[in-house]
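For reference, the structure discussed in these notes is given below.
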Ligand SMILES: *Cc1c(COP(=O)(O)O)cnc(C)c1O
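Numbering (the working numbering), first residue to last: 34 to 406.
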């Protein structure tokens with residue numbers, strides 16, 4: 034008998050429920066004759082700002098560009114100067130760091146603790162180490178924010194940039210959404226993200242009107258009006274077709290995130306294996322990934338799951354500071370208990386979550402419970 038398959042991620046399947054709406058929206062853009070900027074982009078920006086809870090949203094080309102534009106804007110305004118230090122969690126995706134180093138800023142990695150992320154005590158110790166920007170990443174869809182961060186923001190001596198690529202819809206304990214917590218945030222709509230486009234797309238969200246305008250100008254050749262260039266800018270605009278796709282999917286985002294929560298609940302209530310450590314489930318994550326830690330042979334566990342039809346992935350197998358492009362930069366890893374993050378990278382596995390039904394989650398849990406190396 035052929036083993037039942039539980040693919041890790043099937044994007045077509047993820048979009049299938051919205052196909053008719055998406056096709057109609059794409060046709061609307063093609064029929065409109067407006068292929069750069071325009072109504073569709075503006076409408077999406079307004080809906081996104083409203084959803085996240087900020088005054089402004091600027092649609093851009095992708096998540097990395099959103100972060101790059103944020104740093105460029107702070108440099109242009111004089112809030113940052115080249116070689117200022119940006120603190121990032123050691124286990125983030127490399128894009129977080131690339132955006133800073135691309136702008137001539139220095140990156141310092143801080144250990145990922147407990148919930149795979151910064152903790153508050155770490156945030157408090159940042160200033161002593163000459164850090165100008167704190168960059169919490171809501172990794173795996175889990176809000177990375179605490180009272181310590183609010184106090185720091187109020188104090189006004191640190192710029193807080195959220196990397197909200199993985200967590201749109203996630204909240205703090207008092208109900209604020211990620212993307213509205215720091216001074217500014219970057220979102221990615223890469224197709225695998227919880228709010229995914231059908232290509233590259235991203236956005237910047239903020240309450241800072243001036244910063245939003247600078248980002249918008251830099252993303253459009255540095256021009257504040259037609260044929261008038263005040264910055265040596267870039268072309269990082271959001272495509273109207275993607276804006277139209279995202280408007281459709283934003284309307285369904287809360288349902289999608291709620292579905293992921295149900296699957297996560299089934300996993301958390303039914304996986305019981307002494308070799309597997311489950312993530313914290315506080316009901317506020319949007320479960321971009323469902324990441325477990327394996328005590329022992331991680332790759333053996335992945336092979337076992339693959340043999341039983343369960344697709345998995347690893348986010349991420351190598352810490353960014355160990356990548357060849359950063360390897361010879363001792364500055365980045367200075368305060369790191371390197372072993373901690375390297376070990377974390379070797380012990381984590383992402384289980385399927387995006388389109389797993391409660392019944393399938395139960396079956397996957399049973400497969401995991403039979404794992405006995
Ligand atoms: C996906 C992602 C990015 C980059 O977004 P792109 O749209 O792929 O450029 C940045 N940071 C994190 C944490 C991400 O997961």
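All C-beta atoms in this analysis are idealised placements derived from N, C-alpha and C, irrespective of residue type, glycine included.
* Asked: Is any heavy atom of ligand 1 found at a distance shorter than 6 angstroms from the C-beta of residue 123?
  -> no
* Any chance the CB of residue 383 is under 6 angstroms from a heavy atom of ligand 1? -> no
* Leaving out five residues before and five after residue 320 in sequence, what residues of the same chain have Cβ atoms less than 7 angstroms from its Cβ? -> 174, 293, 294, 297 and 386
* Asked: In whole angstroms, what is the alpha-carbon distance linking residue 239 and residue 218?
  -> 6 angstroms
* Per DSSP, cross-strand counterpart(s) of residue 323 -> 384
* Asked: Does any heavy atom of ligand 1 sit closer than 6 angstroms to the C-beta of residue 170?
  -> yes
* **CB contact flag (residue 191, residue 184, <7 angstroms)** => no
* **4 or more residues per run - each alpha helix (DSSP H) lying fully within the region 178-244** => 180-188
* Asked: For residue 380, which residues of its own chain have a beta-carbon under 7 angstroms away from its beta-carbon, when the five flanking residues on both sides are left out?
  -> 326, 327 and 331
* **Beta-carbon proximity of residue 342 to residue 36, cut-off 7 angstroms** => yes
* So, using beta-carbon positions, are residue 103 and residue 237 closer together than 7 angstroms? -> yes
* **residue 345 to residue 125 span [Cα, whole Å]** => 19 angstroms
* Do you know offhand how far residue 101's Cα is from residue 305's? -> 42 angstroms
* Does the distance from the CB of residue 264 to the CB of residue 252 come in under 7 angstroms? -> no
* For residue 329, collect the residues of the same chain with a Cβ closer than 8 angstroms to its Cβ; drop the 5 residues on either side in sequence, then sort them by chain order. => 308 and 406
* Asked: Does any heavy atom of ligand 1 sit closer than 6 angstroms to the C-beta of residue 405?
  -> no
* residue 84 Cβ short of 6 angstroms to ligand 1 heavy atom set -> no
* **Three-pair Cβ contact test at 8 angstroms for the region 124-144 versus the region 195-215** => yes
* For residue 256, the three-state DSSP class (helix, strand or coil) -> strand
* Give a yes or no on contact between the region 114-123 and the region 283-291, applying the rule of three or more CB pairs nearer than 8 angstroms. => no
* Asked: What are the boundary residues of the alpha helix (DSSP H) that residue 56 is part of?
  -> 52-65
* Asked: Anyone know if the C-beta pair for residue 399 and residue 273 falls short of 7 angstroms?
  -> no
* Go ahead and pull the three-state DSSP assignment for residue 309. => strand
* Using 8 angstroms as the threshold, is the region 166-181 in touch with the region 203-215, meaning 3 or more CB pairs across them? -> yes
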